[in-house]
Amino acid sequence: MDNSMTERLSRCYSGAVYDVMREMGYTDCVLPKDIRPLDDSKSVAGPVWTCSGELDETISDDDSLMGWTGLLSAAPSGTVIVCQPNDSTIAHMGELSAETLKHRGILGYVVDGGNRDSEFIRKLGWPVFFRYFTPKDVVGRWRVSSMGSPIVIGDISIQTGDYILADVDGVVVIPQSLIEAVVIRTEEIMSTENELRTMILRGMDPQEAYRKYRLF
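Quick note on numbering: the sequence shown equals residues 152 to 367 in my numbering.
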């Protein structure tokens, strides 16, 4: 796992990364817009570790919690968990799980599903991106069906080892094979944007600035 790439990506922002992906011909790289941060001030970047699950009204409380805690145990340190729960009725993250994952070195959590214990997690300062709130939990209702296997959220395919950058504007997925090129190009664009911003604040006409820097 390339920690330096995670650090460099974490200094980027989703808009610039998307611009680079679009420039490279990858416009389908953003998760659905209703996946949002629990805390707008938090962002997360890093390599993805995937998981998925499904509703199961026949599962026992014990079996559901054994499966869930098994997922918490299996998640590798230094990754962002991305979960496709195949469900829109219960919470797939809560305070004790968030505390556990943060302690184990997991960078954050992105789920196409629900969250609970939200004020506790905000105070914890651990990044969670999710679709909806509910107090309902996984106990006796939901089972883990895969860990580390490819998943789909919206129309975006995600594999373990891909990279993700999530902030208040949205969640961008970067294929593992592109991460170095995307980060290098994003850093270049951000440097140019800083120069352009300086010139605008000094009074340069916006069209003149665009002609000079070829971005805006």
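Idealized CB from N, CA, C, for every residue including glycine.
Simplified DSSP state of residue i, which is helix, strand or coil
i	result
TYR314	strand
PHE367	coil
VAL323	strand
TRP277	coil
ILE272	helix
ILE241	coil
MET125	Not covered by the structure: residue 125. The range shown for the chain is 152 to 367.
VAL290	coil
ILE351	helix
Proximity of residue i and residue j at Cβ, strictly below 9 Å
i	j	result
ALA242	LYS287	yes
GLY285	ASN266	The question names Gly, but residue 285 is Thr in the sequence shown. Yes, Cβ-Cβ distance for THR285 and ASN266 is below 9 Å.
GLN235	ILE302	yes
ARG182	VAL322	In the sequence under discussion, the amino acid at residue 182 is Leu, which differs from the Arg named in the question. Their beta carbons are under 9 Å apart, which means LEU182 touches VAL322 by this criterion.
LEU160	VAL334	yes
TRP200	VAL289	no
GLU344	CYS163	no
GLY229	GLY256	yes
VAL233	ILE304	yes
Neighbour-count burial assignment, residue i, 16 or more Cβ in a 10 Å radius
i	result
LEU188	It is worth fixing the name first, because residue 188 is Pro in this sequence and not Leu. It counts as buried.
GLN358	exposed
LEU258	buried
TYR169	buried
Q | Three or more C-beta pairs below 8 Å linking the stretch 172–180 and the stretch 205–215 | A | no
(Q) Tell me whether the stretch 272–279 and the stretch 289–301 touch, counting them as touching only if at least three CB pairs, one residue from each stretch, are closer than 8 Å. (A) no
Q: Tell me the start and end of each unbroken alpha helix (DSSP H) in the stretch 164–250 that is at least 4 residues and wholly inside, in chain order.
A: 165–174, 212–225
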